[in-house]
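Just below is one structure, and these are the notes that go with it.
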Amino acid sequence: MMKFMAVHKEPELSWEIVEKNWRKLAQVETAKWVKTYYNKQEGVRFCVWLAPGMEELKKTFSDMEVSWESMYEVEETKPDLWGDEKWKEHLEAEATADTLGD
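By the count of the numbering used here, the sequence shown reaches residue 102 at its end, each step adding exactly one.
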């Protein structure tokens with residue numbers, strides 16, 4: 001499976017519809033929804049998916065009438081892969097962050 005980031009920017013879409021779509025997308029079997037980062041106020045969502053290919057993911061969204069602004073194949077890295085000092089800084093910053101535990 002390949003990893004993709006789908007960007008959805010629809011400030012006019014009601015949050016009720018977004019959540020309805022999430023319930024549908026959580027049941028998808030042709031791809032796996034990993035997580036979503038979102039800004040409710042701006043109406044933007046960044047969704048991470050695993051899928052066999054980009055066309056399959058686009059078809060999944062189209063079949064469910066979920067629009068997207070852009071889609072990219074992505075890879076991932078984390079601070080701990082880049083050295084102990086940076087990782088310590090990351091842990092210290094995370095310990096005082098408002099999003100502790102996310």
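Cβ coordinates follow ideal geometry from the N, Cα and C atoms, glycine included.
Distance, residue j Cα to residue i Cα
i: residue 90; j: residue 79; result: 7 angstroms
i: residue 92; j: residue 76; result: 22 angstroms
i: residue 143; j: residue 85; result: Outside the modelled stretch of the chain, which goes from 1 to 102, sits residue 143, for which no answer is possible.
i: residue 87; j: residue 11; result: 36 angstroms
i: residue 54; j: residue 71; result: 8 angstroms
i: residue 52; j: residue 59; result: 12 angstroms
i: residue 97; j: residue 15; result: 26 angstroms
i: residue 17; j: residue 28; result: 17 angstroms
i: residue 22; j: residue 38; result: 12 angstroms
i: residue 19; j: residue 42; result: 15 angstroms
Where residue i falls, given that 16 or more other Cβ within 10 Å makes a residue buried
i: residue 82; result: exposed
i: residue 50; result: exposed
i: residue 95; result: exposed
Pair within 8 angstroms by beta-carbon distance, residue i and residue j
i: residue 5; j: residue 74; result: yes
i: residue 3; j: residue 48; result: yes
i: residue 61; j: residue 7; result: no
i: residue 56; j: residue 36; result: no
Nearest-angstrom beta carbon gap, residue j and residue i [assumed within contact, 8 angstroms]
i: residue 25; j: residue 64; result: 7 angstroms
i: residue 69; j: residue 32; result: Rounded, the Cβ-Cβ distance is 21 angstroms, inconsistent with contact.
Interface flag, residue i vs chain C, CB-CB below 8 angstroms
i: residue 16; result: Note that chain C does not occur in the displayed structure, where there is just one protein chain.
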